[in-house]
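For what it's worth, the numbering used here labels the leading residue of the sequence shown as 1136, then goes sequentially. Note that beta-carbon positions come from the ideal geometry of N, C-alpha and C, so glycine has one too.
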Amino acid sequence: MIALLSLIPLVCLALWLFAEFRGYPLLRRVSGAAAMITIAIIGFIWGIFAESLRHMEFPIPADPPLPSEKASILPPPPPGPGQK
């Protein structure tokens, strides 16, 4: 979602460059202001996202303990090589 929103400033910048080279002064001012505002907003959103990732905890899943009745009916492991 953030990646798609990041395309909006690029479109505004392209519109600003088009207006700059074609010589449309009103479109140039409006698209330039829109580009600056959207870049600031999207940068703020990316900053919030990066800061939230810094505070996330990623727990490592542990193996669930075996129930005591299951552990008691399991046969003992076979002896290893060289053991009786």
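For ALA1175, the enclosing alpha helix (DSSP H) stretches over residues 1160 to 1189. For SER1166 against ALA1154, the beta-carbon gap comes to about 5 Å, under 8 Å, which counts as contact.
Put simply, of THR1173, ALA1168 and ALA1197 the residue whose alpha carbon is nearest the alpha carbon of LEU1139 is THR1173. The beta carbon of GLU1186 sits closer than 6 Å to no other beta carbon from its chain once the five residues preceding and following it are set aside. Approximately 12 Å separates the beta-carbon atoms of ALA1168 and PRO1144; this is outside 8 Å, ruling out the contact.
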